[in-house]
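Q: Sharing a structure with you now.
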Amino acid sequence: MSNNLPLCTRHHCIDWNYVSGKPRPRPNKWYIEGKNSNGKGPFNVWKEWSYATDENGQCYYWEKWERITGDELGQGLRLAMRKKKTKKVLGQGEGNEDVDAIVVAVGDHFNYIVGRQCLDVHTRYRDASNTVELVDLAIQNGDRDTAISHLSLAGGHGTISSGWKVDCALQPWQHGKSVFDCLQCKNEEIKVVGSGDVSISWEVSIGDDSWEVYECSLARDELQQLLLSPKLSRL
122 MSNNLPLCTR HHCIDWNYVS GKPRPRPNKW YIEGKNSNGK GPFNVWKEWS
172 YATDENGQCY YWEKWERITG DELGQGLRLA MRKKKTKKVL GQGEGNEDVD
222 AIVVAVGDHF NYIVGRQCLD VHTRYRDASN TVELVDLAIQ NGDRDTAISH
272 LSLAGGHGTI SSGWKVDCAL QPWQHGKSVF DCLQCKNEEI KVVGSGDVSI
322 SWEVSIGDDS WEVYECSLAR DELQQLLLSP KLSRL
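Numbering (our numbering), first residue to last: 122 to 356.
Below you can see the structure in the form of structure tokens.
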């Protein structure tokens, strides 16, 4: 694989394949080989090639990716927020910390993810090499708490023009719900706080939770309008 291709690196803050005591030894890396219809601007179609190679120097995998209708080529709405962690929840056992969560929107599309409800049971089954193996071991041992804890990851996709409705989720019973319901809050309780034009200095208050704004292409009042209006199409 040519080293002239762009190299991407992803650091996990929420890891779907997390195993306690065995964090990933290195961040994910992959090369991007892309093309578009006019030879200019963002890629419309691209291949992802693994950074790691086998004994023959071949990539372990490759994946084909394509843009979907409504993403505005990444040149329209862009929003990334991460929930601020709070102190441990009292009275519910050692290690029960507030869960991590992220919301990202590009164009008319949004994704959300809510981290696992970590309990002290995450110290069990250290011989498991991945999440599937760990959950299987827990079930075999009648350990329901550990299995539920590792399966409590939530996430999904939806469109803003639908009223922030989820159309695909890890838990199928979340389909059709507002993303704010999935985040256990109501969007009429949303308020964007902060001063100035730099979005990384803003926070979004959603119910009892505060979210840090990592990126936003809108002005502060436009962001609040977008989050408050369930029937509003993208700006």
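Note that CB positions come from ideal geometry on N, CA and C, so glycine has one too. Because the structure is a prediction, the values reported are computed rather than measured.
Can you grab the Cα-Cα spacing for the pair Asp-342 / Gly-315, in whole Å?
A: 11 Å
Q: Am I right that Asp-221 and Ile-135 are in contact with their C-beta atoms under 8 Å? What's the rounded C-beta distance?
A: Asp-221 to Ile-135, Cβ: 5 Å. Contact.
Q: Gly-236 to Thr-174, Cα distance in whole Å?
A: 31 Å
Q: With a threshold of 8 Å on Cβ separation, who are the neighbours of Lys-286 within its own chain once the five nearest residues in sequence on each side are excluded?
A: Residues of the same chain with a CB within less than 8 Å of the CB of Lys-286, apart from the 5 flanking positions on each side, are Gly-279, Thr-280, Gly-297, Lys-298, Ser-299 and Val-300 in chain order.
Q: Looking at the strands, I want to know which residues DSSP matches up with Lys-204.
A: Trp-332
Q: Return the Cβ separation of Glu-193 and Gly-155 in integer angstroms, given the expectation that the two are a contact with Cβ distance under 8 Å.
A: Wrong, their Cβ atoms sit about 18 Å apart, outside the cutoff.
Q: So, helix, strand or coil for Leu-128, using DSSP?
A: strand
Q: Based on DSSP bridge pairs, tell me the residues matched to Tyr-152.
A: Leu-128 and Trp-170
Q: Taking the alpha helix (DSSP H) that Gly-288 falls in, what are its first and last residues?
A: In the sequence as displayed, the identity of residue 288 is Asp instead of Gly. Here Asp-288 belongs to no alpha helix (DSSP H); instead the beta strand (DSSP E) covers 286–290.
Q: With distances taken between CB atoms, is the gap from Trp-294 to Lys-204 smaller than 8 Å?
A: Not closer than 8 Å, so no.
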